[in-house]
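Please read the structure below before turning to the comments.
Residue numbers (the numbering used here): 37 to 182.
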């Protein structure tokens, strides 16, 4: 006695592919069950993805700047902290972003970047507190003036 293969319980609309011939479009339409429904302010899903990406990046940037200013405010005051964060050079911004991206893309990258940060922290702690603070203050003062 031969068994019939189990049928999928997902009902697919006859036009679920929406004219797309790739498997990704069919899978999305099959998973949602309604190919005509597009979530977001635009009827174009690609536009909605761009809107969401911009909103997340802008929110992340605002949160990052707020946290950075909060960390610096105790030592440099409100206007000093704001000047340091907002006058950061393009090189500092790009290097920080690239290192963060490299660290989040792979485990070896995370180990390498994390190890470098630990080494820098240990180096700073090995120096006298006074010289370490002075070096940091000079760097941040230069950033605030630029």
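All residues carry an ideal CB built from backbone N, CA and C; glycine is no exception. What you are looking at is a predicted structure, and each value in this text was computed from that prediction instead of being measured.
DSSP three-state label for residue 109, please.
helix
Short of 6 Å in beta carbon distance, which residues of its chain neighbour residue 92, apart from the five on each side in sequence? Order them along the chain.
none
Taking the Cβ atom as the reference point for each residue, do residue 116 and residue 180 lie within a distance shorter than 8 Å?
yes
What residue range does the alpha helix (DSSP H) around residue 159 cover?
143–162
Would you mind sorting residue 119 into buried or exposed? The rule is 16 or more other CB atoms within 10 Å of its CB.
buried
Taking the beta carbon of residue 85 as the centre, do at least 16 other beta carbons fall within 10 Å, making it buried, or is it exposed?
exposed
How long is the line joining the alpha carbons of residue 153 and residue 178, rounded to whole angstroms?
22 Å
Extent of the continuous alpha helix (DSSP H) to which residue 167 belongs:
165–181
Please return the same chain residues whose Cβ sits closer than 6 Å to the Cβ of residue 160, not counting the five positions on each side in sequence.
168
For residue 101 versus residue 131, is the C-beta distance shorter than 8 Å?
no
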